[in-house]
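The listed protein sequences derive, respectively, from chains Y and F.
Take the first sequence: its position 98, counting from 1, is numbered 107 in the working numbering, and each next residue is one higher.
Take the second sequence: its position 388, counting from 1, is numbered 569 in the working numbering, and each next residue is one higher.
Think of the CB as a built atom: it goes at the ideal place given N, C-alpha and C, for glycine as much as any other residue.
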Amino acid sequence: MIVSNAVRYPTYVPATVAEALEQKAGVANLLPIAGGTEVMVMFNEGLLAPCPVQSLHRLAPEWGGIREAEGSLVIGALATYTDVRHHPVVRERYPLLVEAARVTGALQIQNRGTLVGNIVNGSPAADTVPALFAYGAQVRLLSTRGERTVAVTDFYTGYRKTVLRADELISEIVIPPPADGARHYYRKVGTRAAQAISKVVVAGVRGRDSVRLAWGSVGPTTLRTPKTEAAIASGADADEAVATLATEMSPLDDIRSTRDYRLAVSQNLLREFLKRTSPGG
Amino acid sequence: MKVDNDVALENRLSRVDALLKVAGAAKYASDQYPAKMIYGKLLRFPYGAGTVKSADADAARAVPGVLEVEIDLAETAKYPGWVIGHIVAENRAAIGDAEEAAALAFDATSAASVADRQYDGAGALDAEAKQRVDDVLGRSAAVVEGTWRTQVQTHSCLETHGTVVDFHGDSADVWGNSQSTFSMLDMAEPLGIDRSAVRVDNEFVGGGFGSKFGIGAEGRLAAQMSKKYKRPCKVMLDRREEHLDAGNRPGSIQYIALGAGEDGRILGGRIDGVSIVGFGRGGGGVTNLGDKRFDNYDLGAYEFTQSEINLNFSKPRAFRAPGWPQAVFALEGAVDELAEKLGIDPVEMRRINYRSARRHKQLGIGAELIGWNRRAPTGSQTGRVRTGFGVAGAMWPVWNTECGAEADIHRTGQVEVRVGVQDIGTGTFTLVTDVAAHELGLDRSLVRGKVGRSSYPQGPGSGGSQVSRAAAPATTHAVRAALADLTKIVAKEWKMKPEDVGYSGGVFTGGAKTLEWRKACALMSGDKITASGRTETGQEGDGTSDCVQFAEVEVDTETGIVRVKRIVAVHAAGVIVNRITIENQICGGVVQGLSYALFENVRLDPNTGAMVNPEFINYKLAGPVDIPEIVPVLDVEEGDTGVRPIGEPATIPTAAAIGNAIANAIGARVRELPMTPERVLAALDTKGAGT
C-alpha cells in the first residue's frame, strides 16, 4: 500500500483531560497521538491498520509541562524531547535524560516527539527508557475509573506489551531525585552516528552504595541486570562484573545486530561504565 | 584546433538551477499534476519465488475510485518485487484501499537468497594456468591469499523512478526522470505512435546513478493506462519498490592470490571474481580488474577468471562505475596486505606498481594533505580509539559520443542554448550556461542553458560519465556558429567583410569602430538568430580520469564503530568548467563510497527470500553526521584536453581507502563490505587484540 486513506481514521480531539478519558473508555481501539512521530510514519507507509485516532494536542496546558513536585521531577505526557533537553532542572540533575533525548531521532523528531510516546510504544530499542529505568521513574496512568502509578520497570510485560489498559492514558512520568554524588553513564551504539535504531543502549547510575543499570535492544523489553548490579555494589571487579553480565543477558540476532556483538559490546560498555563512574575515578 | 582546448574557463559560480531546487520551484516528474490525472501502481510479489495463491480482484475493483485491477494468478514470481499485476485509480488512497481489499495471499517456494551457499571457492584453472600461478607465487618474496566479499547495494535515488504520460490520440506528453531524455521516446511503442510524436520533458532528475535508462515497467504502465483511459496517468515507484526492483550493484566474492618481490613489485598470481547477481545479468561484474585496457595496476603475470552466482533478486543495473568499487576494494586491500608483509609503505607500494605517472604525482599531493606522516605503524596502537590512514586509487576511461546543441542570440542580447541531454544532478544546466557565457565573453546573467527535453538537439544518456564531455564542445560549436551569424550583421552595418570584424569579451571591433554586445544584437531585423553545433567523435580531447583517495579514520575498539574523519580525493578531470559542480561530484562520489563501505546492504531473508530492509530505516545510507571533511583536489596540468569524466571515478576508491585505513588502525583486516561494527569487532577478536 503506498498511502493510507485518511477517511478511514476518524479523529477525536478532546479539549479536556476528562473528555479524553471518556473517549478512551468509550471508543474501541482508540489510538492516542501526541507528536505522531511513530504513528504518522506508519500511516504514510500504509502500515497503520485503520482505527479511530485521538489527538491529544489540546491537552498541552495540562500535560505539556515539566515541573518539580516534592523533590521529584514530573514530565507531562505532551513534553517533547526538546523540552526535556532544554529544561534547566533536567540538565542539572538528570543528564541521562538529556543525552537520551539528544540521540533520539533528528531535531524535527525531537520537536514533535514526546518522552511518553517513547515509553508507550513498547519498543525494546527505545532510547529514553533505559534512562528512566536507571532513575527509577514512575508512570502515572489515568482512566475514568481513577489513577494508578506503576514503576517503569514494571510497565513492560513482554515484547511491545505493557500493563496499560484499554481505557487508560499516561498522564505523566514522575522521577525521584538521584542520590547526591551519583555518577551517570549513557551510551547508545547505533548503525550510524545519528538517526539509527540502537544495536545496544545502556544507562547507568552509580551512587555511593547502589548501582542501577538498564539496557535497551538486548532483550524483548528494556531490562535491568540485577545480578550485575549486586556484584558491583558488593565490590566485584570489572572482570567479575562482566562475567556476571553474561549470565543474565541473552540478546538475540536481528536485522540490526548479532547476539555475539551485543553481548561483547555490552560487556565493553560495562567496563567503560565502571571506569567512568568509579568512586575513586 | 581541438575544441576542447577552448573550454578552459574554470569558474567558481554557483549552480544556475540552485535557487529553483532550493526553493522547490524545479518541477520533477512527481510534481506534475495535469488535470484529470489518474494513478497507476504495480503490484509485486513479496518473497523470493512463488505464485499468488489467492486474490479478491472483484473486491478491489469495488473500492470507490478504482478503475482497473489486474492480478495475474498464473505468473511465477522469481524475485521479491516481481510484478504480478496493477491497480489504476482516481487517487492514491483508493489504490491503497484496493490493495488491501484484494487480500493477496502468496505461495512462496524455495529461493536462492544466500550467495555463500552456492560458492565453492575459486573456479578451476587448467593445469598450465595453475602451474603459472604456482610458479609466480613460488618465486615471490611475499604472498597474499584471501577472499573478499562485497554486498548488494541499491541505487537509492532520492527521486524514485516514475513517469507521467498524457496521451492525446496522435501524440503524447511525457514527464520523466530518466538518465536519457531520448530513451524516453521508447514510449512510442506502448502508445502505438511515432517517436517524433512523443514530447519528453525530462528537465529535472532526482538522481539516477545508472538505474534510470529506458521507460521501465512504471513508464509502460503509465503509457498503457493513459492510452486506455484517455487521461494523464502517473506511476511513481515507492521506496520499497525502488529497493526491490529499480536496480542494484551486484555483490561479489573475490579470491585473490598475489605475490610480490622484495622490491615490492607485484609479480602476479590469480584473481577469481564471482558476481552475485539477481535475476538476469547486467550491472557489471567484477570484471574490470581483468581488463587490461583499464590500466590500473601492473599486476604482472596473473590469471583472471570470473563467474556468476544467481540469487532470486531483481536484475542488476549499471551502478556508478559498474564493477569497479567492488574490484578495487579487494585489489587495493590485497596490495596493502602485500605492502605490510614486505614492510613497504602503502604509498610507496603504489608508486612501484601503479602504471600511471599521473597517479604517482597524485599520491604525493594526497599524502601531504591527509598528513600521511602521522600514520602509525599498522597495529601499533593500544588505546580505545585508534586512528588509521589508508589510500587507494583508480582511473576511468573516456567514451566519445556525438552530441548536438542549438544556440539563439536574441535581439535583446539574451542568449539561449539548448541541449537535449539530461541533468541528473551533475550540473549540465550549469555546464552549458558557463561554456556559452565563456565562449561569448558575456556575463552569465545574459545566458540561459536549457537541457532535458526531446525537442532539443540529441545527445548521449548519462552513462559512462560522458555527458559533460560531449555537451561542452557541442555548446561551443553552436555558440560560435550563432556568433558568426551576428558578426555578419555587424559587418554589414559597418560595410566590412565579416572576416575583418573582430570580437572579444562582448565587444565587436573593426578598424577604429567598436560596438558593444547589446547594441550589436539590436541590429538584427528579426527577434533572434539560431544556429546549431555538433560534437563529432574525436573532438573531445584525450586522457583518462586518474585519481587517488586518502582516508583518515578512527576506530572505537569497544564498539567496532568506524568514524571517517577526513577524505582527501585527488582527481584529474581534464579541463575544468565549473569548479563547484565538479567538487560536488567528487564529494557526492565519496559520500556514496563511504556509505557503501560502512552501511548499505541488501538483506534477504534466507527462509522466504523477501528483502527485509526495503526502506531507509534498516537500509542505512550515510547520514550527515557520518560524513567527514572531504577535500576535493582537482589535478589540472598544462596541456590537459577535454572535459573528462568525474561522476564515476569519484566513488571507486573510497571504500578501499577506508578499508585500508581501518586495517592500519587496528592491525586486523575486514575483508567484507559493509565494514560494520560487528565485523570490525570480530576482526579484532580474531587478531586477539580485542579490548
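With a CB to CB cut of under 8 Å and the five nearest residues on each side skipped, what residues in its chain are close to residue i?
i: Pro855(F); result: Gln332, Tyr777, Ala778, Leu779, Phe780, Glu781, Asn782
i: Tyr18(Y); result: Phe52, Leu57, Pro59, Cys60, Pro61, Val62
i: Glu340(F); result: Tyr209, Ala210, Ser211, Asn358, Val386, Gly387, Gly388
i: Thr257(F); result: Ala230, Gly231, Thr232
Could one say the Cβ of residue i lies closer than 8 Å to chain Y's Cβ atoms, at least one of them?
i: Phe731(F); result: no
i: Ile748(F); result: no
i: Pro858(F); result: yes
i: Asn794(F); result: yes
i: Asp807(F); result: yes
i: Ile742(F); result: yes
i: Phe390(F); result: no
i: Arg225(F); result: no
From residue i to residue j, what distance separates their C-alpha atoms?
i: Arg233(Y); j: Arg555(F); result: 43 Å
i: Ala662(F); j: Val600(F); result: 15 Å
i: Ser407(F); j: Pro371(F); result: 10 Å
i: Ala672(F); j: Leu621(F); result: 17 Å
i: Thr695(F); j: Arg592(F); result: 18 Å
i: Arg268(Y); j: Met258(Y); result: 10 Å
i: Asn788(F); j: Leu254(Y); result: 32 Å
i: Arg157(Y); j: Glu796(F); result: 40 Å
i: Val861(F); j: Val244(F); result: 52 Å
i: Asn127(Y); j: Val138(Y); result: 7 Å
i: Ser226(Y); j: Ser537(F); result: 50 Å
i: Gln543(F); j: Pro215(F); result: 52 Å
i: Ala378(F); j: Ala398(F); result: 21 Å
List the residues of chain F whose Cβ lies closer than 8 Å to the Cβ of residue i, in chain order.
i: Asn7(Y); result: With chain Y running from 10 to 290 in the structure shown, residue 7(Y) is simply not present.
i: Asn38(Y); result: Here the premise fails: no neighbours, minimum Cβ distance about 17 Å.
Below 8 Å on the Cβ atoms is my contact criterion, and I expect residue i with residue j to pass it. Report the Cβ-Cβ distance as a whole number of Å.
i: Asp727(F); j: Arg540(F); result: 5 Å
i: Gly630(F); j: Ala651(F); result: Not really, about 15 Å apart at Cβ, beyond 8 Å.
i: Ala846(F); j: Gly569(F); result: 3 Å
i: Thr166(Y); j: Val159(Y); result: In fact, because the Cβ distance is near 11 Å, the residues do not count as touching under 8 Å.
i: Ile533(F); j: Arg446(F); result: 6 Å
i: Gly266(F); j: Asp253(F); result: 5 Å
i: Thr711(F); j: Val756(F); result: Their Cβ separation, rounded to whole angstroms, is 27 Å, which puts Thr711(F) and Val756(F) out of contact at 8 Å.
i: Tyr410(F); j: Ile276(F); result: Incorrect: roughly 15 Å between the Cβ atoms, too far for contact.
i: Ile264(Y); j: Val793(F); result: 6 Å
Beta-carbon of residue i versus every beta-carbon of chain F: anything under 8 Å?
i: Ala29(Y); result: no
i: Asn277(Y); result: yes
i: Arg265(Y); result: yes
i: Tyr168(Y); result: no
i: Val274(Y); result: yes
i: Tyr90(Y); result: no
i: Tyr195(Y); result: no
Which chain Y residues are close to residue i, counting only those with a beta carbon under 7 Å from its beta carbon?
i: Leu664(F); result: Going along chain Y, no residue has its Cβ under 7 Å from Leu664(F), so there is no contact; the nearest lies around 51 Å.
i: Gly804(F); result: Arg201, Ala202, Ala203, Gln204
Can you name the residues of chain Y whose CB is closer than 8 Å to the CB of residue i?
i: Ala274(F); result: Val12, Ser13, Asn14, Ala15, Val16
i: Lys801(F); result: Thr200, Arg201, Ala205
i: Phe780(F); result: Thr200, Arg201
Which residues of chain Y have a Cβ atom closer than 9 Å to the Cβ of residue i, listed in chain order?
i: Arg313(F); result: The contacting residues do not exist; Arg313(F) stays about 41 Å from chain Y at best.
i: Leu862(F); result: Asp269, Tyr270, Ala273, Val274, Asn277
i: Arg784(F); result: Ile264
Ordered along the chain, which non-local residues of its own chain (more than five positions away) have a Cβ less than 6 Å from that of residue i?
i: Gly606(F); result: Gly388
i: Ile808(F); result: Val772
i: Ala134(Y); result: Ile206, Ser207, Gly225, Ser226
i: Val749(F); result: Gly547, Leu550, Ile551, Phe731, Val812
Name the chain F residues whose beta carbon is nearer than 9 Å to that of residue i?
i: Glu281(Y); result: Arg565, Glu739
Please return the same chain residues whose Cβ sits closer than 7 Å to the Cβ of residue i, not counting the five positions on each side in sequence.
i: Lys197(Y); result: Val112, Asp136, Ser207, Val210
i: Trp263(F); result: Arg225, Phe226
i: Pro41(Y); result: Gln63, Leu65, Leu178
i: Ala296(F); result: Gly432, Ile434, Ile457, Ile490, Leu492
Determine, using beta carbons only, whether residue i comes closer than 8 Å to chain C.
i: Ala303(F); result: The displayed structure is made up of protein chains Y and F, and chain C is not among them.
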